[in-house]
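Asker:
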Amino acid sequence: MAIRTTIPLLNILWQLLLLLLLPFHHNLANAAGGKWQLLMSNIGISAMHMQLLNNDRVIMYDRTDFGASNISLPNGRCRNNPNDLALKVDCTAHSVEYDVSTNSVRPLVVQTDVWCSSGSVNADGSLVQTGGFNDGERMVRVVKPCSTCDWQEMGSNLIQSRWYSTNHILPDGKQIIIGGRKAFNYEFYPKTASTNNVFSLPFLQQTNNPREENNLFPFVFLNVDGNLFIFANDRAILLDYRTNTVVKTYPQIPGGDPRNYPSTGSAVLLPLKNLQARTVQAEVLVCGGAPRGSYPKADKGEFIGALNTCGRITITDPNPQWTMETMPLARTMGDMVILPNGNVLIINGAAAGTAGWQIARKPVLSPVIYRPNNPFGSRFEVQNPNDIPRMYHSTAVLLRDGRVLVGGSNPNEFYNFTRVLFPTELSLEAFSPSYLDPKSANLRPQIISPASHHKTKYGKSVNIRFTVSGLLNTDLVKVTMVAPGFNTHSNTMNQRMLVLSSGKVRRIGKSSYQINLIFPNSGKLAPPGYYMLFVVHQEIPSEGIWVKIQ
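Under mature numbering (1 follows the signal peptide of the UniProt record, and there is no 0), the residues of the sequence shown are numbered -31 to -1, 1 to 519, in order.
Given below as structure tokens:
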């Protein structure tokens, strides 16, 4: 594996120049915590897309029509593609596998263009990736979680071209692919006799602005009733995808400003709790974006300030209404990551402009923690800043050890590192929230059993054994289960957290304890597949273990 090096001195000088010239809008006075760590200065590609697999390796890729990357394919291998728009013969990789345990990358071979594509992890743990650009727009590709696996091209198995679409795993394990550029419909993968078709979704056309293209990568969440909450631009619906029926139309988010690409806000389904109750409440949080008209203005060199608001809505309410909150930092192109304790990390992004090639300004370097259980008005907390701008095409995913992996940003044609305002970013970082501070070590649980990759079925119970070296407060213990999401363009598809129903904590040794928990009873609550399970004590999570629910 050959990696061509960038010039570190130039990068350092560039960062110093940015610090002098650009207002970064981070509030150091209110910074509460968190720690940044540079993992690798050059992974060879710009991590535009990112997915954690259950072998603790992260699949990343950018695009094939970008010229030669900074990492060579092994053993003199080359990709020969007469349809490629940049290089017909390319001996560099455009996808890598990052090994968390060894902090190393392995080049992967992807044949057709995966630019601005989507994906979901199958119930068997494989990443099923769909669509892209050019010769990749109808392709399906799969990569399995193993140390020697590579991309498998499954062929043109999509009926509609899918570029900037959104995927979600359904309760039966199938994948739905929604929207995309000029694609006002949805389809399923794999195909069956009843789903070998595209299904019209006029809502996507109604929320589309051809001049601004403001409903790409729509936000999609599986509601607890099995229907899909779909948010596009400034509105949302609840779709029964089985009958192609809109069963609920939600009110417009106050302000009416767009929140999807290229205005590019972000969204999460907040943690699901009380899973044994007759009715389970589900809430969605949508944050950031850019005012209407920002994209064409940015394209002409006028950079409008980003939105500083979040909208929160209980999507299961009979009469749902938006509650608006003000973030401490305005942000477009931010990523929202659900942490193991149920808080939400808002990270990456810019304070002006929009998504697109070099049309954002004022990088926002400070993450923000959002605490959904805090009283209104006291939910946001600014964290310590990093020094690498992470704007267009940046990514962030949660790791099993509780850190957040951050990569990508500002790709330029032919991986340009000079003579551009924001050079292509090939580095990889980790953000460690304050719960990983060493001073909390005596409060941090450690799971003893079951072993990682425990398999279970819906509605089953299991005893979790764990240790805590310090004093345990049994009233402040909970167990959470997090589905790792597919992250691109500030949209983390399939990200989902459940706070599992559990009994009382029992002491079984000097510093060891046991808690009995019940897994969700339905794929409507937790689609089948792999999740990270954490024991959380006083908001401090253990390292997770992998569990598979089926």
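Don't be surprised by glycine CBs; every beta carbon is placed ideally from N, CA and C.
Taking 8 Å as the threshold (C-beta atoms), are ILE138 and PRO392 in contact?
Answerer: Taking the sequence shown and counting its residues from 1, the one referred to as residue 392 is at position 423. Taking the sequence shown and counting its residues from 1, the one referred to as residue 138 is at position 169. No. Outside cutoff.
Asker: Just to confirm the assignment, what range does the beta strand (DSSP E) spanning SER263 have?
Answerer: In the sequence shown, counting from the first residue as 1, residue 263 sits at position 294. Element bounds for SER263: not the beta strand (DSSP E) but the alpha helix (DSSP H), 263 to 268.
Asker: Which residues does DSSP pair with VAL58 in a beta bridge?
Answerer: Mapped onto the sequence shown, residue 58 falls at position 89. DSSP, once it has assigned bridges, lists ASN49 as partnering VAL58.
Asker: Would SER134 and GLY124 qualify as a contact pair, given that the criterion is a beta-carbon distance under 8 Å?
Answerer: On the sequence shown, residue 134 is found 165 positions in, with the first residue counted as 1. On the sequence shown, residue 124 is found 155 positions in, with the first residue counted as 1. No, the pair does not count as a contact, with Cβ atoms beyond the cut-off.
Asker: Measuring straight from C-alpha to C-alpha, what distance separates THR176 and ALA452?
Answerer: Here the question's residue 176 lines up with position 207 in the sequence shown. Here the question's residue 452 lines up with position 483 in the sequence shown. Taking the straight line joining both Cα atoms gives about 29 Å.
Asker: Around the C-beta of ASP141, are 16 or more other C-beta atoms found within 10 angstroms, so that it is buried, or is it exposed?
Answerer: Against the sequence shown, residue 141 aligns to sequence position 172. So ASP141 counts as exposed.
Asker: Measuring CA to CA, which of GLU508, PHE488 and PHE503 is closest to LEU244?
Answerer: Counted from its first residue, the sequence shown places residue 244 at position 275. For the residues GLU508, PHE488 and PHE503, the minimum Cα distance to LEU244 belongs to PHE488.
Asker: Output needed for PHE400: all residues of its chain with C-beta closer than 7 Å, excluding positions within five of it in sequence on either side, in chain order.
Answerer: For the purposes of this step, residue 400 is identified with residue 431 of the sequence shown, where counting begins at 1. For PHE400, where only same-chain residues beyond five positions count, the Cβ hits under 7 Å are GLY3, TRP5, ILE316, PRO336, ARG372, VAL373 and VAL375.
Asker: Whole angstroms is fine: what's the gap from ASN460's alpha carbon to LYS479's?
Answerer: Working through the sequence shown from its first residue, we reach residue 460 at position 491. Working through the sequence shown from its first residue, we reach residue 479 at position 510. ASN460 and LYS479: Cα-Cα distance of roughly 44 Å.
Asker: Tell me, to the nearest whole angstrom, how far the beta carbon of PRO510 is from that of ASN342; I am working on the premise that it is less than 8 Å.
Answerer: Position 541 of the sequence shown, counted from the first residue, corresponds to residue 510. Position 373 of the sequence shown, counted from the first residue, corresponds to residue 342. Wrong, their Cβ atoms sit about 15 Å apart, outside the cutoff.
Asker: Where does SER10 land, buried or exposed, given buried means 16+ other C-beta within 10 angstroms?
Answerer: On the sequence shown, residue 10 is found 41 positions in, with the first residue counted as 1. Its Cβ having fewer than 16 others within 10 Å, SER10 is exposed.
Asker: Using 8 Å for Cβ pairs, my map puts PHE168 next to ASN213. What's the rounded Cβ distance?
Answerer: For this step, residue 168 is matched to residue 199 along the sequence shown. For this step, residue 213 is matched to residue 244 along the sequence shown. Right, the Cβ-Cβ distance comes to about 5 Å (below 8 Å), so this counts as a contact.
Asker: So, at 7 Å on beta carbons, what are the nonlocal neighbours of GLU122 in its own chain, with the 5 sequence-adjacent residues on each side left out?
Answerer: As a first step, residue 122 must be located in the sequence shown, where it is residue number 153. Within the same chain, GLU122 has close Cβ partners GLN80, THR81, MET108 and ARG110.
Asker: Tell me, which residues are paired with TYR30 by DSSP?
Answerer: Here residue 30 corresponds to residue number 61 of the sequence shown, with the count starting at 1. In the DSSP output, where bridge partners are listed per residue, TYR30 has HIS18 and SER64.
Asker: Per DSSP, which one or two residues make a beta bridge with SER363?
Answerer: For the purposes of this step, residue 363 is taken as residue 394 along the sequence shown, with counting starting at 1. GLY377, per the DSSP bridge assignment.
Asker: For LEU405, which of helix, strand or coil comes out of DSSP?
Answerer: Here residue 405 refers to the residue found at position 436 of the sequence shown. Residue state, collapsed to three classes: helix.
Asker: Can you tell me where the beta strand (DSSP E) with PHE172 in it begins and where it stops?
Answerer: The residue labelled residue 172 in the question sits at position 203 within the sequence shown. No beta strand (DSSP E) contains PHE172, which is instead part of the alpha helix (DSSP H) from 171 to 175.
Asker: Classify GLY2 as helix, strand or coil using the three-state DSSP reduction.
Answerer: Residue mapping note: residue 2 aligns to position 33 of the sequence shown, counting from 1. In the structure shown, GLY2 sits in coil (DSSP, three-state: anything other than H, G, I, E or B).
Asker: Within this structure, are the beta carbons of PRO260 and LEU276 separated by less than 8 Å?
Answerer: As a position in the sequence shown, residue 260 is number 291, starting the count at 1. As a position in the sequence shown, residue 276 is number 307, starting the count at 1. Yes, these two residues count as a Cβ contact at 8 Å.
Asker: Quick one: residues in its chain with C-beta nearer than 6 Å to the C-beta of GLU294, no 5 flanking neighbours on either side, listed in chain order?
Answerer: Within the sequence shown, numbered from 1, the residue matching residue 294 stands at position 325. Answer for GLU294: CYS279, listed in chain order.
Asker: Please say whether LEU42 and VAL74 have beta carbons closer to each other than 8 Å?
Answerer: Sequence index remark: in the sequence shown, residue 74 carries index 105 (1-based). Sequence index remark: in the sequence shown, residue 42 carries index 73 (1-based). Not closer than 8 Å, so no.
Asker: Report the start-end ranges of each alpha helix (DSSP H) in the region 196 to 254 that is 4 residues or longer and not cut off at the edges.
Answerer: Counting only runs of 4 or more, we get nothing.
Asker: Is DSSP giving ALA329 helix, strand or coil here?
Answerer: Locating residue 329 in the sequence shown gives position 360, where the first residue counts as 1. Here ALA329 sits in strand by DSSP.
Asker: Given a cut-off of 8 Å, decide if ASN312 and ARG330 are closer than it, judged by their beta-carbon atoms.
Answerer: To locate residue 330, count along the sequence shown from 1; it is residue 361. To locate residue 312, count along the sequence shown from 1; it is residue 343. Against a cut-off of 8 Å, the Cβ pair of ASN312 and ARG330 comes out as no contact.
Asker: ASN39: buried (16+ other C-beta within 10 angstroms of its C-beta) or exposed?
Answerer: Working through the sequence shown from its first residue, we reach residue 39 at position 70. Buried is the call here.
Asker: Alpha carbon to alpha carbon, how far is THR170 from ASP31?
Answerer: For this step, residue 170 is matched to residue 201 along the sequence shown. For this step, residue 31 is matched to residue 62 along the sequence shown. Sequence inspection shows Leu at residue 170; the Thr mentioned does not correspond to that position. Approximately 29 Å, taken between the alpha carbons.
Asker: Give the list of continuous beta strand (DSSP E) stretches no shorter than 3 residues that lie fully inside the region 118 to 197.
Answerer: As far as the region 118 to 197 is concerned, its whole beta strand (DSSP E) runs of at least 3 residues are 121 to 124, 135 to 138, 144 to 147, 154 to 158 and 188 to 191.
Asker: Among PRO240, TYR500 and PRO358, whose alpha-carbon lies nearest the alpha-carbon of THR425?
Answerer: If you number the sequence shown from 1, residue 425 lands on position 456. It is TYR500 whose Cα lies nearest to the Cα of THR425.
Asker: Note the first and the last residue of the continuous beta strand (DSSP E) segment covering PRO76.
Answerer: What you label residue 76 is simply residue 107 of the sequence shown in a count that begins at 1. From DSSP, the beta strand (DSSP E) with PRO76 extends over 73 to 77.
Asker: DSSP has CYS279 in a bridge; who is on the other side?
Answerer: In the sequence shown, counting from the first residue as 1, residue 279 sits at position 310. Bridge partners of CYS279: CYS256 and GLU294.
Asker: What are the start and end residues of each continuous beta strand (DSSP E) run of 3 or more residues lying completely inside the region 411 to 481, in chain order?
Answerer: Counting whole runs of 3 or more residues, the region 411 to 481 contains the beta strand (DSSP E) stretches 415 to 418, 423 to 425, 430 to 436, 446 to 452, 455 to 457, 460 to 462 and 465 to 468.
Asker: Contact defined as beta carbons within less than 8 Å: I believe TYR482 pairs with PHE435. What is the distance between those atoms, to the nearest angstrom?
Answerer: By 1-based counting over the sequence shown, the position of residue 482 is 513. By 1-based counting over the sequence shown, the position of residue 435 is 466. About 6 Å separates the two Cβ atoms, so the contact holds.
Asker: If I'm right that VAL69 touches ASP119 with Cβ under 8 Å, what's the distance once you round it to whole angstroms?
Answerer: Mapped onto the sequence shown, residue 69 falls at position 100. Mapped onto the sequence shown, residue 119 falls at position 150. Between ASP119 and VAL69 the Cβ distance is about 19 Å, and since that is not below 8 Å, they are no contact.
Asker: Would you kindly work out how many angstroms separate the C-alpha atoms of VAL516 and HIS423, rounded to a whole number?
Answerer: Position 547 of the sequence shown, counting from 1, holds the residue named residue 516. Position 454 of the sequence shown, counting from 1, holds the residue named residue 423. Roughly 5 Å between the two C-alpha positions.
Asker: When DSSP labels each residue in this structure, what does PRO289 get in the three-state scheme?
Answerer: The residue labelled residue 289 in the question sits at position 320 within the sequence shown. PRO289: coil per DSSP, three-state reduction.
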